[in-house]
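Chemist: In our numbering, the protein residues as written are 2 to 83.
Just so it is clear, CB atoms sit at the ideal spot from N, CA and C, and this is done for glycine as well.
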Ligand SMILES: [Zn+2]
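Structure representation (structure tokens):
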């Protein structure tokens with residue numbers, strides 16, 4: 002299992018499992034399920050564990066886990082760790 006972080010450019014991040022349909026191993030939504038050669042803009046990873054991926058959000062104002070592939074829990078809100 003690998004994990005990816007998506008940043009929307011507005012200080013908001015979302016952590017996904019690589020296999021999530023919104024993530025597709027960093028290719029993004031609707032791109033297909035094959036592992037891409039390069040990540041789409043906004044994506045970073047892969048991270049080997051969820052805790053490593055969650056540690057990448059410390060510079061963001063808001064961040065949460067994906068509500069589809071993970072539990073949807075907030076990691077940061079308004080610049081504070083949750
Ligand atoms: Zn997801």
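Can you give me the C-alpha to C-alpha distance between residue 23 and residue 16, rounded to a whole angstrom?
Modeler: Counting from one through the chain shown, the residue named residue 23 turns up at place 22. Counting from one through the chain shown, the residue named residue 16 turns up at place 15. Straight-line Cα distance between these residues: approximately 10 angstroms.
Chemist: Is residue 23 near ligand 1, judged by its Cβ being under 7 angstroms from some heavy atom?
Modeler: Reading the chain shown from its first residue, position 22 is the one you call residue 23. Yes.
Chemist: Look up residue 6 in the DSSP assignment and say whether it is helix, strand or coil.
Modeler: Taking the chain shown and counting its residues from 1, the one referred to as residue 6 is at position 5. Looking at residue 6 - three-state DSSP - the assignment turns out to be strand.
Chemist: Helix, strand or coil for residue 56 per DSSP?
Modeler: Taking the first residue of the chain shown as 1, we reach residue 56 at position 55. Of the three classes helix, strand and coil, the one that applies to residue 56 here is helix, per DSSP.
Chemist: By the 10 Å Cβ neighbour count, where 16 or more other Cβ atoms means buried, how is residue 81 classified, buried or exposed?
Modeler: Here residue 81 corresponds to residue number 80 of the chain shown, with the count starting at 1. So residue 81 ends up on the exposed side.
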